[in-house]
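**Q** Okay, handing you the structure first.
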């Protein structure tokens, strides 16, 4: 009898349990670029190269190109839906270039996708800024800091975050050359 009572009480306790907060949806759903947040909000500069070694670098050297890692991410936790964003690139403002003592990355040296699609089973997606590595090795870029502003716009679903949708990719040519 004692054993049966214990089993019944145990079953009642299990049935009385509710799902914990870990199963609840939380947060607001906004799209942003994680690379725009690497300085903790101080600015939206993304230094290349960064990382401590082969497996932590923020770029890949591949087939004559330097592929700089960029991406989009959706915050919050809810039922997911597929979305896409348009990708814009342009020369940074004069103020940004002056503060970095840099110059704009020439459009002839890089390629970037126009759009990034994120499937419904993911919260984000990676894309690459591909830079011609041979051009970086020319004498014209000795000691240079090259800068490109990359921005996400026009989401098909969800909203863009208030901050973190634009990043200045700051390329230290001399430091990057050690990997080429």
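Residue numbers (my numbering): 469 to 648.
Virtual Cβ for every residue (Gly too), placed ideally from N, Cα, C.
Just to confirm, is the Cβ distance from residue 514 to residue 637 under 7 Å?
**A** Taking 7 Å as the Cβ cut-off, residue 514 and residue 637 qualify as a contacting pair.
**Q** Determine the DSSP secondary structure at residue 609, reduced to helix, strand or coil.
**A** Residue state, collapsed to three classes: helix.
**Q** Among residues of its own chain, excluding the 5 on either side of residue 496, which ones have a beta-carbon nearer than 7 Å to its beta-carbon?
**A** So the qualifying residues of the chain are 543, 544.
**Q** Go through its chain and collect everything with a Cβ distance to residue 604's Cβ below 6 Å, but skip five positions before and after it.
**A** So the list reads 641, once near-sequence residues are dropped.
**Q** Can you list the alpha helix (DSSP H) stretches of 4 or more residues lying completely in the segment 556-603, in chain order?
**A** For the segment 556-603, whole alpha helix (DSSP H) runs of length 4 or above, ordered along the chain, are 562-568.
**Q** Which residue wins for smallest C-alpha separation from residue 550, given the options 574, 584, 633?
**A** Comparing Cα positions, the closest option is 584.
**Q** Please state the DSSP three-state secondary structure of residue 541.
**A** Correct three-state label for residue 541: strand.
**Q** Quick one: using the 10 Å Cβ neighbour count with 16 as the cut-off for buried, is residue 665 buried or exposed?
**A** The structure shown does not extend to residue 665, since the chain spans only 469 to 648, so no value can be given for it.
**Q** Between which two residues does the alpha helix (DSSP H) harbouring residue 641 extend?
**A** Unbroken alpha helix (DSSP H) run through residue 641: 641-645.
**Q** Within the same chain, show all residues whose beta-carbon is closer than 7 Å to that of residue 623, passing over the 5 residues directly before and after it, in chain order.
**A** Taken in chain order, the residues that qualify are 499, 551, 553.
**Q** Counting beta carbon pairs with one atom in the segment 558-566 and one in the segment 532-541, are three or more of them shorter than 8 Å?
**A** Too few Cβ pairs lie closer than 8 Å, so no.
**Q** State the CB to CB distance for the pair residue 557 and residue 616, rounded to an integer number of angstroms; the pair is presumed to be in contact (CB under 8 Å).
**A** Right, the Cβ-Cβ distance comes to about 6 Å (below 8 Å), so this counts as a contact.
**Q** Based on DSSP bridge pairs, tell me the residues matched to residue 528.
**A** The partner list for residue 528 (beta bridge, DSSP) reads 535.
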